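Data block below; observations after.
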Amino acid sequence: MAERFRVVGGTALRGEVAVWGAKNSALKLMAVALLAVGRTRLTNVPAILDVTIMAELLRRLGCTVDYDAPSGVVEIDVPEKIGHRADYDLVRALRASTAVLGPLVARTGSADVAVPGGDAIGSRGLDLHAAGLEALGASVHVTHGFLVAEAPRGLDGAEIRLDFPSVGATENVLTAAVLARGTTRLENAAREPEIADIAAMLTSMGAQISGAGTSVIEVHGVDSLTAIEHAVVPDRIAAGTWAFAASATRGDVEVVGANSDHLVAALELVEASGATVTDTPRGFRVDSGGRRPRAFDVATLPYPGFPTDLQPFALACNAVAEGSAMITENLFEARFRTVQELNRLGAETRIDGHHVMVHGVERLSGAPVEASDIRAGAALVIAGLVADGVTTVSGAQHIDRGYAGFAESMQGLGADVTREPDDDPFL
Ligand code: EPU
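In the numbering used here, the protein residues as written are 21 to 447.
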């Protein structure tokens, strides 16, 4: 049965909220486990459906996976011999499953990974992933909907320069290069904290990596890696979500378990909106002082720039801010779906190519809206909090993929947010 979030507007979020490990690290670390025979233990894993899907993918490759969602622990037993195929039903359900590409080629000498189609936020190709693996000596081609990479005699270190600092391509080159012969130098690598987290886990497993978290990563290949225990890096996107939510709703929120060092660009804009941001022993606090946010311009960029995943929240905050702002999306062409839905709530916006002009209004006006992806959905719930009356956000399953217990977290901050069946007869 489809569900939606029901939001009663008018509450300023107050109190504390906890964040878990980053979805976009946890899923990749599960793929990294394939690189070592034995039992890997991951902690601080978020309780989300995507982890269940990745667990199923690893099981189909021959691993035994135990996922205890409430305690945030995933244990993966990797046998000596594993499969090398990621089926379309799983890749379609979870794009991040393409992260098994690098580990599978490195461990088994071949990988057949279904090519994901387009999704709600853009085309997202695999060309950079393929070029990186080819540079390491794999032969790569697409057949019957699968990207097939083969390196029966193993991989060789190489000098590689990515045309764009793609997160996924950086990860696949890194996870392939750790078992390659010789040295790999990857230039224009993505610098996200999740890349540094993957490198930290690989290093504890015995890999030799320097420069992860900068744009040049060097890897000296080793013969084998050892299974270990690793805690997932805190979710900076969930933490940033609560930061903008505090400012938009004129609230005061402590985000527990967050690391503000990973959110410098975003928290600068939260401060530009008029809120005060302070580090606390357990995370950070965003206090709006009860004031209406001021408008602030945003341009998304690869890390350490402003994250595209937080753009919908900056948009929601500007929709009720004093003044006008320009939001520029530089990463994903289709990431303005939130705009049409915000307009249904009375936002004043105009899209011009990859820019949106937003003129803040004092309050939005509650209405039924639809989530198109994780972040758009969560941003619409926040918009519902600053709207008069009731807003319903259909497509609750999208929000569940990025935020464990989103309604409960909202309730803990005093908001009237609940889940209900989505009984739209035309859905
Ligand atoms: N791109 C290519 N060719 C490639 C790879 C990427 O053209 O071979 C383009 C994409 O089309 C896109 C841009 O490069 O326009 C950025 O893609 P990137 O590879 O950096 O992103 P990703 O690995 O597909 C991850 C996160 C996204 C996040 C982006 C950007 C995961 C599972 N996903 O995607 O997170 O928006 O990095 O930071 O790690 C989310 O969590 O909801 C989410 C979408």
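By construction, the Cβ of each residue, glycine as well, lies at the ideal position given by its N, Cα and C atoms.
Please read these numbers as outputs of a predicted model, since none were measured by experiment.
Limits of the unbroken beta strand (DSSP E) element including residue i
i	result
Val413	Val410 to Ser414
Asp88	Thr84 to Asp88
His374	Neither: His374 is in no beta strand (DSSP E) and is coded neither H nor E.
Glu440	Asp436 to Pro441
Pro388	Pro388 to Glu390
Glu207	Thr203 to Glu207
Gly35	Arg34 to Ala38
Val120	First-last for Val120: undefined, no H or E at that position.
Helix, strand or coil at residue i according to DSSP, with G and I counted as helix
i	result
Glu382	coil
Glu349	coil
Asp176	strand
Ile141	Low confidence applies to Ile141: its pLDDT is 44, below 50, so where it sits in the model is not reliable, and the reading given next is rough at best. Residue state, collapsed to three classes: coil.
Phe356	coil
Glu100	coil
Phe166	strand
Phe326	strand
Val198	coil
Ala407	strand
Asp444	coil
Phe426	helix
Leu62	strand
Ala399	helix
Arg105	strand
Arg314	strand
Val57	coil
Asp307	strand
Ala319	strand
Thr246	coil
Arg421	coil
Gly432	helix
Thr190	helix
Thr300	strand
Ser91	helix
Selected residue, minimal CA-CA separation from residue i, among the options
i	options	result
Leu175	Gly188, Gly157 and Ala189	Gly157
Lys450	Phe426, Glu428 and Thr190	Because residue 450 is not part of the residues shown, which for the chain are 21 to 447, the question remains open.
Leu148	Arg127, Leu194 and Leu110	Leu194
Thr298	Ala151, Val284 and His379	Val284
Gly380	Leu77, Leu362, Pro254 and Thr203	Leu362
Tyr87	Ile102, Val318, Ala116 and Pro66	Pro66
Ile96	Asp109, Phe326, Glu170 and Ala247	Ala247
Ala251	Cys83, Ala227, Ala119 and Val94	Val94
Val421	Val57, Ser385, Gln360 and Ala113	Going by the sequence as given, residue 421 is Arg instead of Val. Checking every option, the nearest Cα to that of Arg421 belongs to Ala113.
Val406	Val120, Ala268, Glu170 and Asp255	Ala268
Val162	Asp132, Arg357, Leu182 and Ala171	Asp132
Val135	Ala151, Thr118 and Thr328	Thr118
Gly41	Ser91, Thr234, Asp372 and Val359	Ser91
Ala196	Glu368, Leu55, Met74 and Glu214	Leu55
Leu222	Gly122, Val306, Asp70 and Ala341	Gly122
His282	Arg395, Ala259, Leu110 and Ala424	Ala259
Val359	Leu351, Ala403 and Glu382	Ala403
Ala200	Pro441, Ser344, Val290 and Ala171	Ala171
Thr234	Glu249, Glu207 and Gly202	Glu207
Thr261	Arg305, Gln228 and Ser244	Arg305
Gly202	Glu179, Glu212, Asp107 and Gly310	Glu179
Thr328	Gly432, Glu212 and Leu384	Glu212
Integer-rounded CB distance, given that residue j should sit under 8 Å from residue i
i	j	result
Ala272	Ala266	Looking at the sequence shown, residue 272 is not Ala but Asp. Confirmed, about 6 Å.
Phe333	Ala416	Not really, about 18 Å apart at Cβ, beyond 8 Å.
Leu77	Ile102	Actually they do not touch by this definition, with Cβ atoms about 11 Å apart.
Leu62	Ala46	7 Å
Arg205	Glu238	5 Å
Ser459	Phe326	Outside the displayed range of the chain (21 to 447) lies residue 459, so it cannot be described from this structure.
Ser414	Asp393	Actually they are not in contact, since the Cβ atoms of Ser414 and Asp393 sit about 13 Å apart, beyond 8 Å.
Gly448	Val275	With the chain represented from 21 up to 447, any question about residue 448 goes unanswered, as that position is not in the structure.
Ile371	Gly397	Wrong, their Cβ atoms sit about 19 Å apart, outside the cutoff.
Arg357	Ala387	In fact, because the Cβ distance is near 16 Å, the residues do not count as touching under 8 Å.
Residue span of the alpha helix (DSSP H) that contains residue i, given as start and end
i	result
Ala216	Pro213 to Ser224
Asp70	Leu69 to Arg80
Phe3	Residue 3 lies beyond the residue range present for the chain, which begins at 21 and ends at 447; the question has no answer from this structure.
Asp109	Tyr108 to Ala113
Ala131	Here Ala131 belongs to no alpha helix (DSSP H); instead the beta strand (DSSP E) covers Ser130 to Ala134.
Ala334	Gln331 to Ala339
Glu154	Asp147 to Ala155
Ser230	Ser230 -> not in any alpha helix (DSSP H); beta strand (DSSP E) instead, spanning Gln228 to Ser230.
Val448	Nothing about residue 448 can be read from this structure; the chain reaches only from 21 to 447.
Cutoff 8 Å: residue i Cβ touching any chain B Cβ
i	result
Leu78	Among the protein chains of the structure shown there is no chain B, as only one such chain exists.
Worksheet entry | Every unbroken beta strand (DSSP E) within the segment 252-283, with a cutoff of 3 residues, ordered by chain | Contiguous beta strand (DSSP E) elements confined to the segment 252-283 occur at 272-276, taking only those with 3 or more residues.
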